[in-house]
Amino acid sequence: MLTIRLQRMGKKKNPTYRLIISEKARDTQYNSLEILGHYSPTQIPKVLELKADRIKHWLSVGAQASNTVHNILVREGILEGKKKKSVRITNKRKAKIETKKAESLEKEKASKEAKEAEKVAAEEAKKAEEATPVEEKTEEVAPAETTEEAKA
Numbered sequence: 001m002l003t004i005r006l007q008r009m010g011k012k013k014n015p016t017y018r019l020i021i022s023e024k025a026r027d028t029q030y031n032s033l034e035i036l037g038h039y040s041p042t043q044i045p046k047v048l049e050l051k052a053d054r055i056k057h058w059l060s061v062g063a064q065a066s067n068t069v070h071n072i073l074v075r076e077g078i079l080e081g082k083k084k085k086s087v088r089i090t091n092k093r094k095a096k097i098e099t100k101k102a103e104s105l106e107k108e109k110a111s112k113e114a115k116e117a118e119k120v121a122a123e124e125a126k127k128a129e130e131a132t133p134v135e136e137k138t139e140e141v142a143p144a145e146t147t148e149e150a151k152a
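Sequential numbering of the sequence shown, starting at 1, is according to full-length UniProt numbering.
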């Protein structure tokens, strides 16, 4: 089966890629049938040169594009459709992500509960402030009456 995929070129930590057509079972460094373009993601701005007519030809013959190349072709408008998921996440990493999400949800719930408790405490404090002046007046009146009674 023929596949359009990326062949890594360039220096260490400065990759450039060729878009090549080759057998799927073969190594990308082995003989390729044709070079269809090149891609330099590290340059600013990113450089992408494609031979659109040749890519369409190979796709019409029955070649398949790798997920990354498919996404590049969709972005450039050569192919139509949705992007494919090109990065795979291991089960171990998925488990870590899920635990982090669960911890963040717990923290959010705890912070919401704390905020609600603060609101309730503030409301109770307001009610207590409103009620205390009335109680103070009654307390002031009550001792005055008792002192008058004590004098009499």
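For glycine and all other residues, C-beta sits at the position ideal for the given N, C-alpha and C.
Here the structure is a predicted model, which means the values were calculated and not measured.
> Roughly how far, in whole angstroms, is the beta-carbon of Leu36 from the beta-carbon of Lys51, given that I think they are within contact range, below 8 Å?
Replying inline: 5 Å
> Are three or more beta carbon pairs between the stretch 67–82 and the stretch 4–22 nearer than 8 Å?
Replying inline: yes
> In or out: Ser104 buried (at least 16 other Cβ within 10 Å) or exposed?
Replying inline: Flag for Ser104 reads exposed.
> For Asn67, which three-state DSSP category applies?
Replying inline: helix
> Which first and last residues belong to the alpha helix (DSSP H) in which Val61 is found?
Replying inline: 52–61
> If you compare alpha carbons, which of Asn31, Ser40, Ile20, Glu23 is closest to Gly10?
Replying inline: Among Asn31, Ser40, Ile20, Glu23, the Cα nearest to that of Gly10 belongs to Ser40.
> Relative to the C-alpha of Thr42, which residue among Arg54, Glu106, Ser22, Lys12 is closest?
Replying inline: Taking only the C-alpha atoms, the option nearest Thr42 is Lys12.
> Alpha carbon to alpha carbon, how far is residue 153 from Lys119?
Replying inline: In the structure displayed, the chain extends from 1 to 152; residue 153 sits before or after that span and is not available.
>> Residues in the same chain with beta-carbon distance under 7 Å from Glu49, minus the five sequence neighbours each way, listed in chain order, please.
In response: Gly37, His38
>> On a Cα-Cα basis, can you pick out the residue from Ala95, Ala63, Lys56 that is closest to Glu76?
In response: Lys56
> In three-state terms, what does DSSP make of Lys82?
Replying inline: coil
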